Structure formats: structure tokens, C-alpha cells
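Novice: I have a structure I would like to understand better, so I am pasting it below and will then ask my questions one at a time.
Number of protein chains: 2
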Amino acid sequence: MICVTTTTRERGRPRSFDADAALDRAVEVFWRQGYEGTSLTDLTAAMGINRPSMYAAYGNKDELFRRAVARYAEIDMAYARDALARPTGYEVIERFLRANADALTRTDRPAGCLSIQGGLAAGSDDGHVAQFLAASRLAGENALAERLERAVADGDLPAGTDAAGLARYVMVVSEGNAVHAAAGVDRAGLNAVIDIALRAVPRQS
Amino acid sequence: MICVTTTTRERGRPRSFDADAALDRAVEVFWRQGYEGTSLTDLTAAMGINRPSMYAAYGNKDELFRRAVARYAEIDMAYARDALARPTGYEVIERFLRANADALTRTDRPAGCLSIQGGLAAGSDDGHVAQFLAASRLAGENALAERLERAVADGDLPAGTDAAGLARYVMVVSEGNAVHAAAGVDRAGLNAVIDIALRAVPRQS
DNA sequence: CCATTTCTGTACTGCTCGGTATGTAATTGA
DNA sequence: TCAATTACATACCGAGCAGTACAGAAATGG
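Heads up: the protein sequence lines correspond to chains A and B, in order. Just so you know, our numbering puts 140 at position 74 of the first sequence, and the rest follows in order with no gaps. Just so you know, our numbering puts 113 at position 47 of the second sequence, and the rest follows in order with no gaps.
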């Protein structure tokens, strides 16, 4: 077999839908209904394709969900990476929580957060979905913890601050806000909570 | 029909199981697997009864779930009523959060909190379960808000404190901790978060 | 042109779901 | 003893589930 490095058109019949656009629709359905509450009929109807096309493009329901979560992290949680780039520990935390509150209450998206609404309990699949989502959230918490450790090293968080504990606290507030947002609390309500929560964050040194 | 006020034995064949004990088993299954992740087969197997007995005693799956949540609130959240009886606003909050952390990590019960794990997303039932649980959590939040308003009136929280906002903040922390507990964080980890969270709570006046 | 490859649409599979019909067992009241 | 009442156990119902077989359609390569 000879493979040339030029990008050649693929062989058979071309796909008649945009796989990323269809994935965006799947994100929204999973977000609104959770993993277990979403049927393949729901998914394919929203994606505008039929079952075999879905299986060919994404594997199965489980794989589709994982890809949906990955795309959600890339697009709907871009604010988190932005927040980590702020100059001081306090600003990182405030920016993260404020942007999180905005994301939880966007009118053009479902209320709340896919990585929590997707599935918390160990349902029929022995909790694989819940474990996957928990691991995904933990990755975010660890990234925040590393950033806050750097803030302690930089001296813009007090020496001796428990960066990992503080990161966990910030994630706890964001997750609690997600639960409240899913229950219908509006953006102002979440920001009032953040006003209080920020009082626990140490400033300068 | 003549009804005498003496307690008379019921007419037909007596029930062969303890309805409250069976309900406790149902609580545990719903808690571990969520509403949608729990089948009637799961339930009746855990309760040690068969389907018609369940339907006769509780109505249907939805009613059984509501009764399970009510029993959960009565038994597994008794600590909340105890916390509200503490003398000062700060003590109410600290007691609530500490006891909540204990309840979320009891080794003889599922990790986390039924009223969150039970169902967050609007699944197949148009979100009725999620709405019911949200209303149930909101009732707790309102009770806490009233208690904190009294604390402000009593002068053991600073005048001008937003009791409703503070109550919501406390619930946010407890819900975030519940999400973390469901993901496997242990009691010490939750208490470290509470140590930080309590710094945001105003003391005396 | 035709063989090959890949995708699409319909219709289907086996299975599990929540809920129930039916016959029988156990108790009460007369 | 016997009718009435209530609960139990088996076996079933239509519906919806995740996943797939298969035949036709649309592209490429020769």
C-alpha cells in the first residue's frame, strides 16, 4: 500500500451532514435531559440524521455522549481557560465564578451544566457515565489547583494557603450554583451567592 | 354504615411485609441509582415484594419515589431540623454544614444526597421529578432563610445581612459538597471545604 | 462503462420498561 | 361454615429501548 501525504478525497459516498453541527445538537439534548433520559430517537431527531448514520459516525450512545462532553468542555467551558489566565489568584477565582454563572444562565442554552446534569447517580450502566463526568470535573479542579499553587508561589495568595482545598471550594460553589441554575435561579441570584462566596477567598498577603 | 371509634383490625388478608421497612429499601435504591436509573425490578427485588404488592401499597413508581423522598427528608435529613435549633446564626450554619458533610459520607448509606442524585435533568417525564426535588430543596432553603432572618432580628448576625442570600449560599455549598461526595470525596475533604466556606459567614455584629 | 467503497433509509431484532389481569391464599364478620 | 374482603404470585401487556440487517444511493478509481 502506497500512501501519499497529500490530503485525498475519501472514497465512497460522502456524508450528507456536518458531524460537528450534529454533535452540537446532541450536546444540547444530553444537557437538557441527561444521559439516561435521552433516547436514540431523541438524539437522531435533534441531529437530523437516522440511527445507522449516528452509529457509523460516533460508535454508539456512550461514545456519542463522551464526544458531546468533550465538545461541551471545548466550547461551553472555554471561559474556564480564560479565567486561569488572569494575573492573580483572586482574579482567577472571581473571573471563573462570574463567567460560570453567566454560562449557567445563558438564554440560548439549557440552564445548568452538562457535566452535572448529564448524570450523577450510578444508573443502569454501573455508574460509568457518572464516573466519567466526575473525572472530567476533577480534571478542571486540578487545573485550578495548579494555577492557585502558582499564585501562592507568586505571592498573590497568602503563603500557606491550601491551594487544592481552595480550588475544591471554588468548584463546590460552581457546582452548587449549577444545581440552583438547573432549578431556575437566575443570573442575579447566582451572582449574589458569588458575592458572599468571594469573602472566603484570601486576598493579597 | 356504622363506624365505632375503637381501632378495629382491618378486614381482608393482612399485608405480609413492613411497609416502612420496604420503603427504606426503596430510598436506598433511588439514592444510589436515581429515579430514571431505577427499574421496578430493582425496587421490588430490594424491597422483597412483588409488583402488585408495590402498586397496592404505594400507587406507582412516581408515588413511591415521592414517599421515598419524604421518608428520606424525615430520617436522613433530621440533622437539618436539629441545626436550625442552634442558638445563633453562625452556629446554625456551621452545624448544618458539618452535619450535612457527615450525612453525605456515612459508610452505611450511599454517598451523596438523594434529593440531588435522584434526578437533576428533565428526563422522560418532562422534568416532573427534577421539579419535585428542586421544590423540596427550596423548602429547606426557605426554612433556613427564615431562621437566619430571625438571627438578624436577634442581633447575632450583623444588621443588614441578606438572610435569603446567605441561606442560598449555604445551600450552594451543601449541594456542591453533595456532588463531590457522590464523586468519592471523603468526609475530611468536605470539612476542609467547609472550613473555607465558613470564612464568608459574618459573625456577631 | 463497471467494480468498489461508503453512506442513507426502512424496517427489524431481542430485550426491558412501567403497569396489570387473573386466580389463589389468608383473614374478618356473620 | 360461608360470603366478603384484601393481599399475594404468576404470567402477561403494549410500548419504548439500544442496536442492526439489508437494500439502494452516491461517490471514487480504473
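Built from N, CA and C at the ideal position, the CB exists for glycine as well. Please read these numbers as outputs of a predicted model, since none were measured by experiment.
Apply the 10 Å Cβ neighbour rule to proline 176/A and answer buried if 16 or more other Cβ atoms are within range, or exposed otherwise.
Specialist: Numbered from 1 along the first sequence, position 110 holds the residue referred to as residue 176/A. Buried.
Novice: Ignoring anything shorter than 4 residues or poking outside the region 169-249 of chain A, list the alpha helix (DSSP H) runs there in chain order.
Specialist: 180-183, 194-220, 229-248, all fully within the region 169-249 of chain A.
Novice: Measuring CA to CA, which of Ala248/A, Ala169/A, Tyr156/A is closest to alanine 229/A?
Specialist: Within the first sequence, numbered from 1, the residue matching residue 229/A stands at position 163. The shortest C-alpha separation from alanine 229/A is found at Tyr156/A.
Novice: Which residues in chain B sit within 8 Å of isoleucine 182/A, going by Cβ to Cβ distance?
Specialist: In the first sequence, counting from the first residue as 1, residue 182/A sits at position 116. Near isoleucine 182/A (Cβ distances below 8 Å), the residues of chain B are Leu186, Val245.
Novice: Is the beta carbon of asparagine 116/A closer than 8 Å to that of threonine 107/A?
Specialist: Reading the first sequence from its first residue, position 41 is the one you call residue 107/A. Reading the first sequence from its first residue, position 50 is the one you call residue 116/A. No, the Cβ-Cβ distance between threonine 107/A and asparagine 116/A is not below 8 Å.
Novice: Helix or strand or just coil, what does DSSP make of glutamate 157/B?
Specialist: Position 91 of the second sequence, counted from the first residue, corresponds to residue 157/B. Glutamate 157/B: helix per DSSP, three-state reduction.
Novice: Mind checking if serine 82/B is an interface residue toward chain A, Cβ cutoff 8 Å exclusive?
Specialist: For the purposes of this step, residue 82/B is taken as residue 16 along the second sequence, with counting starting at 1. No, serine 82/B does not count as interfacial toward chain A.
Novice: The alpha helix (DSSP H) spanning asparagine 257/B covers which residue range?
Specialist: Here residue 257/B corresponds to residue number 191 of the second sequence, with the count starting at 1. Counting along the chain, the alpha helix (DSSP H) containing asparagine 257/B begins and ends at 253-263.
Novice: Cα separation between glutamate 241/A and valine 238/B?
Specialist: In the first sequence, counting from the first residue as 1, residue 241/A sits at position 175. In the second sequence, counting from the first residue as 1, residue 238/B sits at position 172. Their backbone Cα atoms lie some 8 Å apart in a straight line.
Novice: Check the Cβ of leucine 190/A against every Cβ in chain B and list those closer than 7 Å, keeping chain order.
Specialist: Position 124 of the first sequence, counted from the first residue, corresponds to residue 190/A. A quick correction: the sequence has serine, not leucine, at residue 190/A. Going along chain B in sequence order, the residues near serine 190/A (Cβ under 7 Å) are Gly103.
Novice: Which first and last residues belong to the alpha helix (DSSP H) in which tyrosine 124/A is found?
Specialist: Numbered from 1 along the first sequence, position 58 holds the residue referred to as residue 124/A. First-last of the alpha helix (DSSP H) with tyrosine 124/A: 117-124.
Novice: Between alanine 187/A and glutamine 99/B, which are expected to be in contact by the criterion C-beta below 8 Å, what is the C-beta distance as a whole number of angstroms?
Specialist: Here residue 187/A refers to the residue found at position 121 of the first sequence. Here residue 99/B refers to the residue found at position 33 of the second sequence. Going by Cβ atoms, the distance from alanine 187/A to glutamine 99/B rounds to 5 Å, so yes, they are a contact pair.
Novice: Flag alanine 266/B as yes if its beta-carbon sits less than 8 Å from any beta-carbon of chain A, otherwise no.
Specialist: As a first step, residue 266/B is located in the second sequence; it is residue number 200 there, counting from the start. Yes, contact with chain A.
Novice: Could you please tell me which residues of the region 107-139 of chain B, in chain order, have their CB closer than 8 Å to any CB of chain A?
Specialist: Against chain A - using a Cβ distance shorter than 8 Å - the region 107-139 of chain B contributes no residues.
Novice: Please return the same chain residues whose Cβ sits closer than 7 Å to the Cβ of glutamate 281/B, not counting the five positions on each side in sequence.
Specialist: Residue 281/B is absent from the structure shown; chain B starts at 67 and stops at 271.
Novice: With a cut-off of 8 Å, does the C-beta of leucine 163/B fall near any C-beta of chain A?
Specialist: Taking the second sequence and counting its residues from 1, one reaches residue 163/B at position 97. Not closer than 8 Å to any Cβ of chain A, the Cβ of leucine 163/B fails to qualify, so no.
Novice: So, does the CB of threonine 71/B fall closer than 8 Å to a CB anywhere in chain A?
Specialist: Here residue 71/B corresponds to residue number 5 of the second sequence, with the count starting at 1. Residue placement at threonine 71/B is flagged as unreliable, the pLDDT there being 36, under the threshold of 50; a coordinate-derived value is accordingly withheld.
Novice: For phenylalanine 162/A, which of Thr173/A, Asp148/A, Arg172/A, Asp174/A has the nearest alpha-carbon?
Specialist: In the first sequence, the residue the question calls residue 162/A occupies position 96. Taking only the C-alpha atoms, the option nearest phenylalanine 162/A is Asp148/A.
Novice: Do leucine 150/B and arginine 213/B have their C-beta atoms closer together than 8 Å?
Specialist: Counting from 1 along the second sequence, the entry for residue 150/B is found at position 84. Counting from 1 along the second sequence, the entry for residue 213/B is found at position 147. Yes.
Novice: Could you tell me the distance, in whole angstroms, from the CA atom of alanine 249/A to the CA atom of serine 181/B?
Specialist: As a position in the first sequence, residue 249/A is number 183, starting the count at 1. As a position in the second sequence, residue 181/B is number 115, starting the count at 1. Those two C-alpha atoms are separated by around 12 Å.
Novice: Please classify asparagine 126/A as buried or exposed, where buried requires at least 16 other C-beta atoms within 10 Å of its C-beta.
Specialist: Residue mapping note: residue 126/A aligns to position 60 of the first sequence, counting from 1. By the neighbour-count rule (16 or more Cβ atoms within 10 Å), asparagine 126/A is not buried but exposed.
Novice: Using a threshold of 8 Å, state whether the C-beta atoms of aspartate 142/B and alanine 165/B are closer than that.
Specialist: Here residue 142/B is taken as the residue at index 76 of the second sequence, counted from 1. Here residue 165/B is taken as the residue at index 99 of the second sequence, counted from 1. Result no, Cβ atoms of aspartate 142/B and alanine 165/B do not sit closer than 8 Å.
Novice: Can you look up alanine 151/B in the DSSP assignment and give me helix, strand or coil?
Specialist: If you number the second sequence from 1, residue 151/B lands on position 85. It is coil, neither helix nor strand.
Novice: Quick check on the burial criterion: 16 or more other C-beta atoms within 10 angstroms. Buried or exposed for phenylalanine 131/A?
Specialist: Taking the first residue of the first sequence as 1, we reach residue 131/A at position 65. Result: buried.
Novice: DSSP on valine 267/A, reduced to helix/strand/coil?
Specialist: Residue 267/A sits at position 201 when you count from the first residue of the first sequence. Three-state DSSP puts valine 267/A in coil, outside helix and strand.
Novice: Please work out which residues of its chain come closer than 6 Å, Cβ to Cβ, to glutamate 189/A, disregarding the five sequence neighbours upstream and downstream, and give them in chain order.
Specialist: The residue given as residue 189/A occupies position 123 in the first sequence. Note that residue 189/A corresponds to glycine in the displayed sequence, not to glutamate. Same-chain partners within the cutoff: Glu102.
Novice: Compute the distance between the beta-carbons of glycine 78/B and isoleucine 262/A, then report whether it is under 8 Å.
Specialist: Here residue 78/B is taken as the residue at index 12 of the second sequence, counted from 1. Here residue 262/A is taken as the residue at index 196 of the first sequence, counted from 1. No, the Cβ-Cβ distance between glycine 78/B and isoleucine 262/A is not below 8 Å.
Novice: Would you mind telling me which residues of chain A sit closer than 9 Å to glycine 231/B, beta carbon to beta carbon, in chain order?
Specialist: Residue mapping note: residue 231/B aligns to position 165 of the second sequence, counting from 1. Residues of chain A passing the Cβ test: Gly255, Ala258, Val259, Asp261, Ile262.
Novice: Taking the alpha helix (DSSP H) that phenylalanine 131/B falls in, what are its first and last residues?
Specialist: Here the question's residue 131/B lines up with position 65 in the second sequence. 127-141 is the extent of the alpha helix (DSSP H) around phenylalanine 131/B.
Novice: Quick check on glutamate 94/B: does DSSP put it in helix, strand or coil?
Specialist: The residue given as residue 94/B occupies position 28 in the second sequence. Note: glutamate 94/B maps to helix in three-state DSSP.
Novice: Give me the Cβ distance between alanine 266/A and alanine 266/B, rounded to the nearest whole Å; I'm assuming they're in contact under 8 Å.
Specialist: As a first step, residue 266/A is located in the first sequence; it is residue number 200 there, counting from the start. As a first step, residue 266/B is located in the second sequence; it is residue number 200 there, counting from the start. Indeed they touch by this definition, with Cβ atoms about 4 Å apart.
Novice: Quick one: using the 10 Å Cβ neighbour count with 16 as the cut-off for buried, is aspartate 222/B buried or exposed?
Specialist: Residue mapping note: residue 222/B aligns to position 156 of the second sequence, counting from 1. The residue in question, aspartate 222/B, is buried, as its Cβ has 16 or more Cβ neighbours within 10 Å.
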